[in-house]
Amino acid sequence: MITETVDRRTWMASSIAGPIALGLRPVFAAEPAADLDIIDCHTHFYDPTRPEGIPWPSKGSPLYRTVLPGHLRALKTYRPVTGTVIVEASPRLEDNAWLLELAKDDPFVVGIVGNLNPADPNFTQYVNRFAADPLFRGIRISVKLLQNLLERSDLSALKLLAKRDLALDVNGGPETSAVVAELALRLPTLRIVQNHIGNVKITKEAPPPDWSEGIRAAAGHPNVFCKISALVEAAARDRQKPPTDLGFYKPYIDVVWDAFGDDRVIYGSNWPVSDRAASYETLQRIVMEYAAERGTDATTKFCSLNAKRAYKWIERPDRR
914 MITETVDRRT WMASSIAGPI ALGLRPVFAA EPAADLDIID CHTHFYDPTR PEGIPWPSKG
974 SPLYRTVLPG HLRALKTYRP VTGTVIVEAS PRLEDNAWLL ELAKDDPFVV GIVGNLNPAD
1034 PNFTQYVNRF AADPLFRGIR ISVKLLQNLL ERSDLSALKL LAKRDLALDV NGGPETSAVV
1094 AELALRLPTL RIVQNHIGNV KITKEAPPPD WSEGIRAAAG HPNVFCKISA LVEAAARDRQ
1154 KPPTDLGFYK PYIDVVWDAF GDDRVIYGSN WPVSDRAASY ETLQRIVMEY AAERGTDATT
1214 KFCSLNAKRA YKWIERPDRR
């Protein structure tokens, strides 16, 4: 069983020590760390013990286990996580409803990015159904699907998202940013969130020029945000053990942060997928150390305020 309580003295001690460990300016040292809202905007939850099972992850995968919000709250973290936006990875329609039901009585969940297919003839019906719940904050699609929609000039479904004030997450490889830039130009009222900095492979070499150019192209549109997430996975390809020091990742984060600025970068973990590469504490420390170098205001925006603009997630009573 996952415990939902934390010893108050332990919590207060970590709240005071956290800012010092981060090297932030003294204003943070005068405030408890819990005052720094940290919304993890990329988590996945699922339960293979449900009667219908789950389509992802598959049996035999180390990820094939019950993963719920309480498990995230129980993790050892670098800084306390105060809420999450869940991203639905399952293509099954009713799994969107399952997540909404899961979140209904859990204030830790501030939003859900669903999984709906804009090419589905019933897309409008499904969006209207799920968007009736204020926790439903948008959908995620693959860059391949987005490319198909753009090639066919079939953007009516995505226009509906903008009309309903919902966001669009886009996931794909290093080519994603250029495609996102094209969509952002054609639909400037749609808030778009690029996932995982485009899943570029992170190595000791300089960032690929094509990827960097794409990032800057996407960032040139004010309606595009970017999650700085899945970094350790990107460094763990080819069965490499990912480095744990910020310096290794910094050139890649620099490209993203310099392009999007303090106002459009978003914190996300990609947990529990990230477990295959590093602990939650490690991946969080890497990005929090980087944010601290950018300053107090930038850190606050990165941890929650930018996500609130992108997703318009719901402030729930008793979240903390």
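Taking this note's numbering, I'd label the letters of the sequence shown as residues 914 to 1233.
For each residue, glycine too, the CB sits at the ideal point set by N, CA and C.
What you are looking at is a predicted structure, and each value in this text was computed from that prediction instead of being measured.
When Q1197, Q1107, W1124 and R1050 are compared against V1093, the one with the closest alpha-carbon: Closest option to V1093, Cα to Cα, is Q1107.
Would you mind giving the Cβ-Cβ distance between I1246 and Y1162, rounded to the nearest angstrom? I have them listed as a contact below 8 Å. This structure gives no information on residue 1246, because the portion of the chain shown stretches from 914 to 1233.
Under the rule that 16 or more other beta-carbon atoms within 10 Å means buried, what is T995, buried or exposed? It counts as buried.
Compare the Cα-Cα distances from S974 to each of A1002, H1109 and V1186 and report the closest residue. Out of A1002, H1109 and V1186, the CA that lies nearest to the CA of S974 is found in V1186.
Note down, in chain order, each residue of its chain lying with its Cβ closer than 6 Å to the Cβ of L1218, except the 5 sequence neighbours on either side. Nothing meets the Cβ criterion.
Which residues mark the beginning and the end of the alpha helix (DSSP H) in which T1037 is found? Going by DSSP, T1037 is part of the alpha helix (DSSP H) stretching over F1036 to A1044.
In three-state terms, what does DSSP make of D913? As shown, the chain starts at 914 and ends at 1233. That puts residue 913 outside it, with no answer to give.
Taking only the alpha-carbon atoms, compute the straight-line gap between V1040 and S1125 and give it to the nearest angstrom. A straight line joining the alpha-carbon of V1040 with that of S1125 spans about 34 Å.
Taking all protein chains shown into account, do 16 or more other C-beta atoms lie within 10 angstroms of the C-beta of K989, making it buried, or fewer, making it exposed? With fewer than 16 other Cβ atoms within 10 Å, it is exposed.
Skipping 5 residues on each side, what residues in its chain have a beta carbon closer than 6 Å to that of A1172? I1128, R1129 and A1132, listed in sequence order.
Cβ contact (3+ pairs, closer than 8 Å) linking the segment 1180-1194 and the segment 1141-1149: Per the Cβ contact rule, the segment 1180-1194 is in contact with the segment 1141-1149 (3 or more Cβ pairs under 8 Å).
Beta strand (DSSP E) segment containing G996, residue limits: Segment G996 to V1000, the beta strand (DSSP E) holding G996.
I need the boundaries of the beta strand (DSSP E) containing N1219, first residue and last residue. For N1219, no beta strand (DSSP E) run applies; the uninterrupted alpha helix (DSSP H) run containing it begins and ends at N1219 to Y1224, by DSSP.
If I'm right that T997 touches D953 with Cβ under 8 Å, what's the distance once you round it to whole angstroms? Cβ atoms of T997 and D953 come within 8 Å of each other, at about 5 Å.
Can you check the segment 1017-1102 for any beta strand (DSSP E) of at least 3 residues that lies completely inside it and give the ranges in chain order? Runs of the beta strand (DSSP E) inside the segment 1017-1102: 1022-1027, 1049-1055 and 1080-1084.
How many angstroms separate the CA atom of R1099 from the CA atom of K1072? R1099 and K1072 have their C-alpha atoms roughly 10 Å apart.
Can you have a look at Q1197 and say buried or exposed, based on whether 16 or more other CB atoms are within 10 angstroms of its CB? By the neighbour-count criterion, in which a residue is buried when 16 or more other Cβ atoms sit within 10 angstroms of its Cβ, Q1197 is buried.
Beta carbon of V1137, beta carbon of A1080: below 8 Å? Cβ distance not < 8 Å, so V1137 and A1080 don't count as in contact.
Quick check: is the beta carbon of S971 nearer than 8 Å to any beta carbon in chain C? In the structure shown, chain C cannot be found, because there is only a single protein chain.
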